[in-house]
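Colleague: If you read the sequences in order, they're chains A and B.
Residue 346 in the working numbering sits at position 346 of the first sequence, with consecutive numbering throughout.
Residue 271 in the working numbering sits at position 271 of the second sequence, with consecutive numbering throughout.
There are 2 protein chains.
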Amino acid sequence: MADYKDLDAKVNQLCKQIVRMCTAAGSGHPSSALSLVHIVTALMYRLMRYEPANPWNAGADRLVLSEGHAVPVVYAAYCDLGGVVGTQMAPSELRFDDALTLRAADSVLDGHPNPAIGFPFFDSATGSLGQGLSTAAGLAAAARLDGIDKKIYCICGDGESREGQIWEAVDFIVDHKLTAVRAIFNCNGQAQSDYVSPQQSPEMLAGKLGACGFEVRIIDGHDWEAIFEALEAAPGEKPLAVVARTVKGWGVTELKQHTYHGKPLKADQVEAALAELGPEGEEGADVRVAQLQSPPAATRPARAGFAAGGLAEAAAAVGIADAVEAKMLSTRRAYGAALNVMGADDRIVALDGDVKNSTFALWFATNYPDRYFEARIAEQNMVSAAVGLAAAGKVPFVSSFGKFLTRAYDQIEMAAISSANIKLSGSHCGVSLAADGPSQMALSDLGFFRGLAHSHRSDGDPACRILLPSDAVSAFKLTELAANINGMCYTRTHRPDVPIIYDESQTFEVGGYKHLEDGEDVAIVASGYMVHVVREALAVLEEQAGLSAGLIDVYSLPLSEASTNEILQIGDDCRGQILVVEDNYVGGVYDEIAAAAAGSDFGVRVEGRVLRAIPKSARTPEETLALLELGVSDIVAATQKMFDQSE
Amino acid sequence: MADYKDLDAKVNQLCKQIVRMCTAAGSGHPSSALSLVHIVTALMYRLMRYEPANPWNAGADRLVLSEGHAVPVVYAAYCDLGGVVGTQMAPSELRFDDALTLRAADSVLDGHPNPAIGFPFFDSATGSLGQGLSTAAGLAAAARLDGIDKKIYCICGDGESREGQIWEAVDFIVDHKLTAVRAIFNCNGQAQSDYVSPQQSPEMLAGKLGACGFEVRIIDGHDWEAIFEALEAAPGEKPLAVVARTVKGWGVTELKQHTYHGKPLKADQVEAALAELGPEGEEGADVRVAQLQSPPAATRPARAGFAAGGLAEAAAAVGIADAVEAKMLSTRRAYGAALNVMGADDRIVALDGDVKNSTFALWFATNYPDRYFEARIAEQNMVSAAVGLAAAGKVPFVSSFGKFLTRAYDQIEMAAISSANIKLSGSHCGVSLAADGPSQMALSDLGFFRGLAHSHRSDGDPACRILLPSDAVSAFKLTELAANINGMCYTRTHRPDVPIIYDESQTFEVGGYKHLEDGEDVAIVASGYMVHVVREALAVLEEQAGLSAGLIDVYSLPLSEASTNEILQIGDDCRGQILVVEDNYVGGVYDEIAAAAAGSDFGVRVEGRVLRAIPKSARTPEETLALLELGVSDIVAATQKMFDQSE
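(1) Select from A:GLY83, A:CYS22, A:GLU93 and A:THR179 the residue whose C-alpha is nearest the C-alpha of LEU102 (chain A).
(2) Report the residue ranges of all beta strand (DSSP E) runs contained in full by the region 489-538 of chain B; include only those spanning at least 3 residues, in chain order.
(3) Going straight from the alpha carbon of VAL11 (chain B) to that of ASP97 (chain B), what length do you get?
(4) Please look up how many angstroms separate the CB atoms of ARG347 (chain A) and HIS494 (chain A), rounded, as I've assumed it's under 8 Å.
(5) Can you confirm whether SER444 (chain A), when its beta carbon is compared against all beta carbons of chain B, has any partner nearer than 8 Å?
(6) In whole angstroms, what separates the C-alpha of MET48 (chain A) from that of ASN484 (chain A)?
(7) Against LYS356 (chain B), what residues of chain A qualify as contacts under a CB-to-CB distance less than 7 Å, listed in chain order?
(8) Between ALA76 (chain A) and chain B, is there a C-beta pair that is closer than 8 Å?
(9) Is the Cβ of ASN565 (chain B) closer than 8 Å to any Cβ of chain A?
(10) Which residues in the same chain have their Cβ closer than 7 Å to the Cβ of LYS477 (chain B), if we skip the five residues on either side of it in sequence?
(11) Per DSSP, what are the beta-bridge partners of PRO264 (chain A) in this structure?
(12) When DSSP labels each residue in this structure, what does TYR590 (chain B) get in the three-state scheme?
(13) Between LYS327 (chain A) and chain B, is any beta-carbon pair separated by less than 8 Å?
(14) Can you give me the C-alpha to C-alpha distance between GLU325 (chain B) and GLU313 (chain B), rounded to a whole angstrom?
(15) Threshold first: 4 residues or longer. Then list the alpha helix (DSSP H) segments lying entirely within the region 382-444 of chain A, N to C.
(16) When you check each C-beta in the region 431-443 of chain B against every C-beta of chain A, which residues fall closer than 8 Å?
(17) Per DSSP, ILE152 (chain B) forms a beta bridge with which residues?
(18) Does the beta carbon of SER560 (chain B) come closer than 8 Å to any beta carbon on chain A?
(19) Can you tell me which of the three DSSP states LEU329 (chain B) falls into?
(20) According to a CB-to-CB cut-off of less than 7 Å, which residues of the region 20-50 of chain A neighbour chain B?
(21) Inspect the CB distances between the region 16-30 of chain A and the region 73-89 of chain A and report whether three or more fall short of 8 Å.
(22) Find the residues of chain B that neighbour VAL174 (chain A), judging by a C-beta separation of less than 7 Å, and give them in chain order.
(23) Which residues mark the beginning and the end of the beta strand (DSSP E) in which ASP553 (chain A) is found?
(24) Apart from the five residues just before and just after ALA323 (chain B), which ones in its own chain have a Cβ nearer than 6 Å to its Cβ?
(25) Using 8 Å as the limit for Cβ to Cβ distance, is MET530 (chain A) near chain B?
(26) With distances taken from CA atoms, which of B:ALA475, B:ALA233, B:THR126 and B:GLN440 is nearest GLU649 (chain B)?
(27) Which whole runs of the beta strand (DSSP E) in the region 12-96 of chain B are 3 residues long or more, in chain order?
(28) Return the chain-ordered list of same chain residues with a C-beta closer than 7 Å to the C-beta of GLN200 (chain B), the five sequence neighbours on each side being excluded.
(29) Within 10 angstroms of its Cβ, does GLU648 (chain A) collect 16 or more other Cβ (buried), or is it exposed?
(30) Taking the alpha carbon of ARG182 (chain A) as the point to measure from, which residue in A:SER197, A:GLN192, A:PHE228 and A:MET204 has its own alpha carbon closest?
(31) Under a CB-based cut-off of 8 Å, is MET414 (chain A) close to chain B?
(32) Would THR507 (chain A) count as contacting chain B if we go by Cβ distances under 8 Å?
(33) Would you check if the region 535-548 of chain B and the region 361-374 of chain B touch, i.e. whether three or more CB-CB distances between them fall below 8 Å?
(34) Taking the continuous beta strand (DSSP E) assigned at VAL581 (chain A), which residues delimit it?
(35) Going by DSSP, name the residue or residues bridged to GLN190 (chain B).
(36) Buried or exposed, going by whether 16 or more other CB atoms sit within 10 Å of the CB of THR406 (chain A)?
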């Protein structure tokens, strides 16, 4: 029988610090943190092979705290261990009492875990529940690719396990045999507003996990013997889940009450709580961090140096040379061709949600099966798993229909908070998908992503870059650009084959646009598929009305300041009239140009011909556009009207 | 042994029509449809108690086709049965060959099911996968409230069952004992890009469903005896799931090939397929729709007639009279008080995702437990279940932290496509939540919802109304307004207590705003919590700089045309300067005003002081706002700058 006196003393110290730090912050979740104190102490002081002094060590075990609100226990331990925070260029070491800065404006101990503000012990921001197990799966997948034998511990709450994403992650872990993941379910029986549902009882969770193909152990989460026995088990064929019964508010009677979710003790209650926890053990009891056993792998930075070469060669490699020669090719196929070429670089990985033959991630999947992770019809897990892969230095390309990525907007926002270097590709965007109808069309996507595009990370870059290819050349080059961008991108492709309009000598850069046609009367701004519809309208306008309209292809958001000013100048030169044409709801390019104009010294008028109705099916893109008043004749009429009112 | 000759003949007819209609459309999913032909025939010709001539009959059984792409089989049967489509005011009866209009611009047979365009047999739009079982649960919940003994059949695909939401729905059904739901899993073994994962095999699905508390039967989905035996089983304690092994492309060798997902036969392949299906049975074989057994319930329209009364009385009813007297109350508490009063009307139901003590749905939950559905930490299921409740005539109020509703944006968009009358309430929006950090803050929400707000349903109304209360009076009255609006609303509340600024005599209407302060130098537009921050800034501006800035509270989006013009006029009168202040990312009120200005004849300049950084924790709202350059002094400086440049 082992002696756990030193660990007991550590638990005593940490419990006291958890109580103190939450009261100091005036908020936080001490009761959830206390329920995990034995498990986290076992992990951070004994089981995990890692260096608190070097949280960037690629060979180290990782801990994903999916129930992010319980983070005070991890902060308390990491401060005690002198854990390093900040950046590799500017690291700094925490001390025990830094835990008391919890949630302060100048502290890296945020309310919920977030590596992006300088807490590199964590790999992703958590706090929106149910996402951590997916991220753990991504970390495990990356470790296997890198040949690193490490464990990824992931702690999920019992209430949290109601989130469907947890079960998507479970299936993904079994499908891909990611046995490096050790899933720990913290069953303290209390959620925020009520007791946890019987559907998330330890027995039910164990039954479900077993039915999904996990090996499951139910333990007392405050029993050292049980914790070590379960978590030190040799990995078997099946992934391991440990379901731990715990006590919310462990050690402090007041905090065990159901009303204490997310609530600290008042200042005048602290003393009694500390007294109840008993006399201080020997401070700094002889607890050592386990020796790091696996050597750090040699890693290359995930940034820059990706090249897709020429479109013709890339197309030939996937058997679509004919289409390029005929200059008629969908943006999604060009995306797939670029991804396939760049796949030669083993930093690139790809994930797709059972539509790889539509997004054309298929070619990468065929040629690089080890680095392709079929995520099936489960987009939430797909995105969060990509966050894990990115945290481990991979460059994940994540594709699905743009509409289906909506399923993962919460996960995408958490990825943005994490500054995750993931490359999203939404296909079949806008209404040109036609016959399948609105359930398959991405129409709200620009409104959502543009918010992130105009929000900045701590390094000053946008939280997301939006790339809007209109033809195969721009799609090919923007996919290459996406790989080389430092951070999240969202590339928007379309279903139909469209003419190639760009010469391969053209270059494309973040924040850029192309001035495709000069005009004098009205400047039309478009992107993606609508560039082609507008080109048809331009011909009609010239022929039928003698109108000279210009055309600007906005292929990137946010627009740079220089691009914005140039576009407004072009509009100014076109009788001060800009018409923005889009086949998605408001919130995208139209708002970008209108807001710029409204805040500028140009007296440019901006109108939007955008999607203002919920679509229905029609059999061709042309019929669909006509139904939605976005067809060639609608654009012609709108342009004519703008011209007339400028007279 | 029963004789199924008539049904076999019907299957033959339907299979042929499925082949023909998809080829006519040039797209569609004949192979998925064929895999369901026996099950759907059994349901629509024998098992379901309903009237094809009156799909609005509230007493009838319902069918939710979660795997919406398989819809041709339902269309073919419904056309054969002379099913009625259109609206109750303008119904029309389908004929057998109307099936051939599949996906045409003027057909109600959309690519995926959608009641909103005139196919009332369905209750919700499907096609984005994994949502139907939740909607079925909502329909079952409504039926129980109405005392109607009906069954809700729901067909899910095997590949689709990878979506976590399916498992959220399963838990919800068990939690709430919704045994009226009959879940049918169509295991044809083929997904779009690959075979279905072993994790979704019939055996695994059955094991998982059993572990979740379902009674499960595995059957051959082309065996009449097995189908009827399983689906006619008397309801037990446990909800029933039928896992059916089926053949994708049943009856047509060509369509059984794996490459045929979502692909019709070419015109020249049709004849061979029809020949393979064998000689036509007797047309119109003696198959009768089962007698409708349960009487239609008396129902009241879900629209209008809701009243919340006075705030003081409502507050007293929930024990917060003091706060109203002190004129200091959070918008979320006022929301809860209004919901509680309106709960006296039994059309109102509520759902919340384990944060009812934060959103204050708690009061309704306490007083109307039968009409409160605790959805636990599973927001996707919560929203889709609300769609089912709304389809059955209830008026569901659905609350969570605004951030966590992001989890359900895909479901919300599907609800918008369905024209579902659901009332969403996101609490803790913007950055005033402070200490909890960005994982708990709704910041992208306005960008997403504004796209829907500017998109219109077939009746011309916006697909969503956004309500932005700034104080308790406006929150109270806007919650009442939400109940009375015909369609989806999103009400945005905040965490902190704020002063009451409106008198109860004020009225609030869709598309409206309030001109709170007159000014001469700059007009400031704000909403929600930021109205209070701007009020502080106004005082400083007047005192320190002698500047007279106006204040407009935009409490509703989309703004009406009249409101828009009035706001621009106010700006015009303030030296042509409007500053919009928001604590969310771009895409909301700032874009609304800027786009209006850019397209107007007013020469108004619009600038935005909005959130342009990913937040981190700070201990108070004031500290958080200061970190993000949205504090009082930042607004003062921005206003001063606008004034200076107007000089």
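C-beta atoms are modelled at their ideal positions from N, C-alpha and C, and glycine is treated no differently.
Modeller: This is what the structure holds:
(1) Residue 102 (chain A) sits at position 102 when you count from the first residue of the first sequence. Per the Cα distances, A:CYS22.
(2) 489-492, 513-517 and 522-526
(3) Indexing the second sequence from 1 puts residue 11 (chain B) at position 11. Indexing the second sequence from 1 puts residue 97 (chain B) at position 97. Rounded to whole angstroms, VAL11 (chain B) to ASP97 (chain B) spans 16 Å at the Cα level.
(4) For the purposes of this step, residue 347 (chain A) is identified with residue 347 of the first sequence, where counting begins at 1. For the purposes of this step, residue 494 (chain A) is identified with residue 494 of the first sequence, where counting begins at 1. No, ARG347 (chain A) and HIS494 (chain A) are not in contact; Cβ-Cβ is about 28 Å, not under 8 Å.
(5) Translated into the one-based positions of the first sequence, residue 444 (chain A) becomes position 444. Chain B contact via Cβ: present.
(6) For this step, residue 48 (chain A) is matched to residue 48 along the first sequence. For this step, residue 484 (chain A) is matched to residue 484 along the first sequence. If I take the Cα positions, the gap works out to 34 Å.
(7) The sequence position of residue 356 (chain B) within the second sequence is 356, counting from 1. Ordered by position in chain A, the residues that pass the 7 Å Cβ test against LYS356 (chain B) are SER193.
(8) Taking the first residue of the first sequence as position 1, residue 76 (chain A) is located at position 76. False, the Cβ-Cβ gap to chain B never drops below 8 Å.
(9) Translated into positions along the second sequence, residue 565 (chain B) becomes position 565. Not an interface residue.
(10) The count along the second sequence starts at 1 and reaches residue 477 (chain B) at position 477. Counting only Cβ-Cβ distances below 7 Å, and skipping sequence neighbours, we find PHE508.
(11) For this step, residue 264 (chain A) is matched to residue 264 along the first sequence. Note: PRO264 (chain A) sits in no beta bridge, so no partner.
(12) To locate residue 590 (chain B), count along the second sequence from 1; it is residue 590. TYR590 (chain B) falls in the helix class under three-state DSSP.
(13) Position 327 of the first sequence holds residue 327 (chain A). With 8 Å as the cut-off, LYS327 (chain A) does not count as an interface residue toward chain B.
(14) For the purposes of this step, residue 325 (chain B) is identified with residue 325 of the second sequence, where counting begins at 1. For the purposes of this step, residue 313 (chain B) is identified with residue 313 of the second sequence, where counting begins at 1. Looking at the two C-alpha atoms, the distance is approximately 11 Å.
(15) 402-405 and 409-417
(16) ALA435, ASP436, GLY437, PRO438, SER439, GLN440 and LEU443
(17) The count along the second sequence starts at 1 and reaches residue 152 (chain B) at position 152. Its beta-bridge partners are B:ARG62 and B:VAL181.
(18) Sequence index remark: in the second sequence, residue 560 (chain B) carries index 560 (1-based). SER560 (chain B) does not count as touching chain A.
(19) Translated into positions along the second sequence, residue 329 (chain B) becomes position 329. In the structure shown, LEU329 (chain B) sits in a strand (DSSP, three-state: E or B).
(20) ALA25, GLY26 and SER27
(21) yes
(22) In the first sequence, residue 174 (chain A) corresponds to position 174, counting from 1. The answer, in chain order, is GLN199.
(23) As a position in the first sequence, residue 553 (chain A) is number 553, starting the count at 1. From DSSP, the beta strand (DSSP E) with ASP553 (chain A) extends over 549-554.
(24) Translated into positions along the second sequence, residue 323 (chain B) becomes position 323. Hits under 6 Å: LEU329.
(25) Within the first sequence, the letter at position 530 stands for residue 530 (chain A). So no, MET530 (chain A) is outside the interface.
(26) No answer is possible for residue 649 (chain B): the residues shown for chain B start at 1 and end at 647.
(27) 62-65, 84-86 and 91-93
(28) The residue labelled residue 200 (chain B) in the question sits at position 200 within the second sequence. Around GLN200 (chain B): ASP158, GLY159, SER161 and ARG162.
(29) The structure shown does not extend to residue 648 (chain A), since chain A spans only 1 to 647, so no value can be given for it.
(30) Working through the first sequence from its first residue, we reach residue 182 (chain A) at position 182. Checked all of A:SER197, A:GLN192, A:PHE228 and A:MET204; the closest Cα to ARG182 (chain A) is A:PHE228.
(31) Taking the first residue of the first sequence as position 1, residue 414 (chain A) is located at position 414. So yes, MET414 (chain A) belongs to the interface.
(32) As a working note, residue 507 (chain A) is residue 507 in the first sequence. Taking Cβ atoms only, chain B never reaches closer than 8 Å to THR507 (chain A), which makes this a no.
(33) no
(34) Stepping through the first sequence from its first residue, residue 581 (chain A) is reached at position 581. Run containing VAL581 (chain A): 577-581, per the beta strand (DSSP E) assignment.
(35) Here the question's residue 190 (chain B) lines up with position 190 in the second sequence. Per DSSP, B:TYR195.
(36) Taking the first sequence and counting its residues from 1, one reaches residue 406 (chain A) at position 406. Looking at its Cβ environment, which holds 16 or more other Cβ atoms inside 10 Å, THR406 (chain A) is buried.
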